[in-house]
Every structure is written in C-alpha cells, then in structure tokens.
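The block underneath contains the structure these notes are about, expressed in structure tokens.
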Amino acid sequence: MSAFRRTAGHCLLAAAMIGLAGFCSLQSASAEPVDIELVLAVDVSLSMSPMELEIQRHGYAAALVHDSVLQAIADGVHGKIAVTYVEWAGVTSQHVIVPWTIIASRADAETVAAQLSAHPPNSARRTSISAGLEFGADLFAESAHQGTKRVIDVSGDGPNNQGAPVTVVRDRLVAQGITINGLPLMTNSGPAWGYEVSNLDQYYTDCVIGGPGAFMIPVNDWSQFPDAVRRKLVLELAGPLSPRWAEEEALFPPIVKAQAEVATDCLAGEKAWRNRYWMYDESR
Numbered sequence: 041m042s043a044f045r046r047t048a049g050h051c052l053l054a055a056a057m058i059g060l061a062g063f064c065s066l067q068s069a070s071a072e073p074v075d076i077e078l079v080l081a082v083d084v085s086l087s088m089s090p091m092e093l094e095i096q097r098h099g100y101a102a103a104l105v106h107d108s109v110l111q112a113i114a115d116g117v118h119g120k121i122a123v124t125y126v127e128w129a130g131v132t133s134q135h136v137i138v139p140w141t142i143i144a145s146r147a148d149a150e151t152v153a154a155q156l157s158a159h160p161p162n163s164a165r166r167t168s169i170s171a172g173l174e175f176g177a178d179l180f181a182e183s184a185h186q187g188t189k190r191v192i193d194v195s196g197d198g199p200n201n202q203g204a205p206v207t208v209v210r211d212r213l214v215a216q217g218i219t220i221n222g223l224p225l226m227t228n229s230g231p232a233w234g235y236e237v238s239n240l241d242q243y244y245t246d247c248v249i250g251g252p253g254a255f256m257i258p259v260n261d262w263s264q265f266p267d268a269v270r271r272k273l274v275l276e277l278a279g280p281l282s283p284r285w286a287e288e289e290a291l292f293p294p295i296v297k298a299q300a301e302v303a304t305d306c307l308a309g310e311k312a313w314r315n316r317y318w319m320y321d322e323s324r
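Under the numbering used here, the residues of the sequence shown are numbered 41 to 324, in order.
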C-alpha cells in the first residue's frame, strides 16, 4: 500500500472517529437534565391476586400525585424527574405501562397516574427479579434524559426463581452506576405456591438492593402499601443525606440500607423451585 493511500485511509478513519465523537456529544448535549431517572419495576407474578395487582397500580398512582412527592420533586436542582413504569414476572415477561415521562408538575404526575389507571394490570408466570432488573437497565439506554442519578425501584412478593442469579445482575448494574431500591411485599395473602422465603425483607437487603444509598422498605400488610410507596419515592428523590430522609426514618421505621455482609441464601428461590412438589410446574 502506498504512503498516500495509507495517509488517506488514516484521515478517513480519523474523520469518522471525530464525526462519531461529535454525534455522541450532540446526543449528550441534547439529553434533558433531570434530578433522577427512575424505573418503577413492579412484580405481577401469579402469586398476586387481581385485587393486589390493582392495589399496586393505585398505590403508585396515588404516591406520584401526593403533595410530599411533588414537593420533593420541586426541591431538586432541576425540579423535575424522568419516570417509567414496568410490570414484570418471568424471564420473558416485562411490559412498559408508562414510557419515559417527565414529571415537573402536578399535571405531569396526574397524566402518569391516569395511564396507570387506564387498563387492567398484567399477570404472568414465574418470578425473575434478575430479568426485571436487566430490562430496567436497558430502559436507561432508551431514555432521552440525563439524570443526576439512575434508580431502579423494584417491588415483589417472592425471591428470584427463574433466570440469572439476582446477585450477578445486581452487581453488574451497580458497577454501571445504577442504584437498586426495594419494596418487599410480605403480605402472605396470595396463593401459597411454596416458593416463598420467610425473610423476604432480609433477602431483598442481602440479594437485591445495591448501589449508592440503596435501601428497602418492607410492606407487611396491603394497607401499608400506598404509604410505603410514597415514602420510598420521597427518600429516593431526597437522598440519604437530606433532613427529609432523617425525618422519614425517625417517624416511620424501618428503612433498611444495603448491607456489606450477606447472611441470606440468595439462591433460595431457585432451590425451592427445583425442589417443588406442587402439581403446577409453571405457576408463579
């Protein structure tokens, strides 16, 4: 190859790289800044009754329009957040109910709440927290917003029993700068499939949540759910160093932060599924 052709090739490569860098810079510059990009990932496995699925939808809708949540949004540097709502179950069951939407006012929040109330909730087999987290992480790549922090807010009533080990996915997402918070539902009111763990709150603490400031709020009765969602949203928006966090933690314990040492069997759900003795292999 002649020196001229090599030089020309290098110039074209350099131009292409400069063009790509310029395109990426343009994309970054065009991304709308927000205080948080928040994925609300909600369990709709078959262990949830239709009534419980409705309680979840209504609980999130009520929390988003609550005065304390709207005030927490307004108190942010940008005064706005980007949120998307996803319902998940098994490895192939993830549905976006509300696509990425900016909330900067009560009207914005009411629009999201209306979307949550527009259609009945989904329901599907198995429980793959790991697949739900992976799906949530992929949604950040589709966001047209640039958040100061990225959070996946996952709620569920059982351990991971399908897909990749949840700790493997959790650790990979945390390494990408994503925080995972939890809302374990220890209501014990759905069908007793035999795949539950007795200490779901500890399971979420040790195996699911992670990242800077990660925490979980357990729900022991469905009557607690709407307020638990509201509190979790306020804390996610305020951050662990804010006076609001200390106030919420003092008034409504417990708020449990991620632990450095793992005391729980994070494969408990998978083991229970392998050892199942129920007739219906594809439930939950």
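Glycine included, every Cβ here is placed at the ideal spot set by N, Cα and C.
{"query": "Out of curiosity, what's the CA-to-CA distance linking T132 and V259?", "result": "27 angstroms"}
{"query": "Measuring alpha carbon to alpha carbon, tell me which of A114, E92 and D261 ends up nearest V274.", "result": "A114"}
{"query": "If you reduce the DSSP assignment to three classes, tell me which class M256 lands in.", "result": "strand"}
{"query": "Cα-Cα, which of A129, V74, S70 and E77 is closest to G203?", "result": "A129"}
{"query": "Looking only at its own chain, which residues have a Cβ that is under 8 angstroms from the Cβ of V126, when we skip the five neighbours before and after it?", "result": "V79, L80, A81, V82, Q134, H135, V136, I137, G172, F175, G176 and L179"}
{"query": "What separation, rounded to the nearest whole angstrom, lies between the Cα atoms of Y100 and M91?", "result": "15 angstroms"}
{"query": "Does the beta-carbon of T304 have 16 or more other beta-carbons within 10 angstroms, so that it is buried, or is it exposed?", "result": "buried"}
{"query": "If you drop the 5 nearest sequence neighbours on each side, which residues of the same chain put their C-beta closer than 7 angstroms to that of L225?", "result": "S195, G196, D197 and V259"}
{"query": "Figure out for me which residue from S263, S168 and N221 has the closest Cα to the Cα of G251.", "result": "N221"}
{"query": "Return yes when at least one heavy atom of the ligand SAH lies under 6 angstroms from the C-beta of N201, else no.", "result": "With respect to the ligand SAH, the structure offers nothing, as it holds no ligand at all."}
{"query": "Is the CB-CB distance between H7 and V74 below 7 angstroms?", "result": "Not covered by the structure: residue 7. The range shown for the chain is 41 to 324."}
{"query": "Mind reading off the beta-carbon distance from T207 to C247? Whole number of angstroms is fine, and I expect it under 8 angstroms.", "result": "6 angstroms"}
{"query": "Can you give me the start and stop residues for the alpha helix (DSSP H) that Y125 sits inside?", "result": "Element bounds for Y125: not the alpha helix (DSSP H) but the beta strand (DSSP E), I121 to W128."}
{"query": "Might you give, ordered along the chain, the residues of its own chain that have their beta carbon closer than 7 angstroms to the beta carbon of N162, omitting 5 neighbours on each side?", "result": "V84, E127 and H135"}
{"query": "On the DSSP bridge assignment, give the partners of L225 in chain order.", "result": "V259"}
{"query": "Would you tell me roughly how many angstroms separate the C-alpha atoms of A154 and E94, rounded to the nearest one?", "result": "13 angstroms"}
{"query": "Note down the Cα distance separating C306 from S108, rounded to an integer number of angstroms.", "result": "35 angstroms"}
{"query": "Can you look up D211 in the DSSP assignment and give me helix, strand or coil?", "result": "helix"}
{"query": "Count the other CB atoms within 10 Å of the CB of V117; is the residue buried (16 or more) or exposed (fewer)?", "result": "exposed"}
{"query": "Expressed to the nearest angstrom, what Euclidean distance is found between the alpha-carbon atoms of R146 and V152?", "result": "10 angstroms"}
{"query": "Considering only C-alpha positions, which residue in the set S168, D241 and Q216 is nearest to V191?", "result": "Q216"}
{"query": "Just to confirm, is the Cβ distance from I257 to L223 under 7 angstroms?", "result": "yes"}
{"query": "What residue from T124, T141 and S168 has the CA that sits closest to P205's CA?", "result": "S168"}
{"query": "Output needed for L156: all residues of its chain with C-beta closer than 7 angstroms, excluding positions within five of it in sequence on either side, in chain order.", "result": "R97, Y100, A101, Y125, I137 and V138"}
{"query": "Which residues does DSSP pair with H135 in a beta bridge?", "result": "E127"}
{"query": "How many whole angstroms separate the CB atoms of A149 and V209, which I take to be in contact at a CB cut-off of 8 angstroms?", "result": "Not really, about 30 angstroms apart at Cβ, beyond 8 angstroms."}
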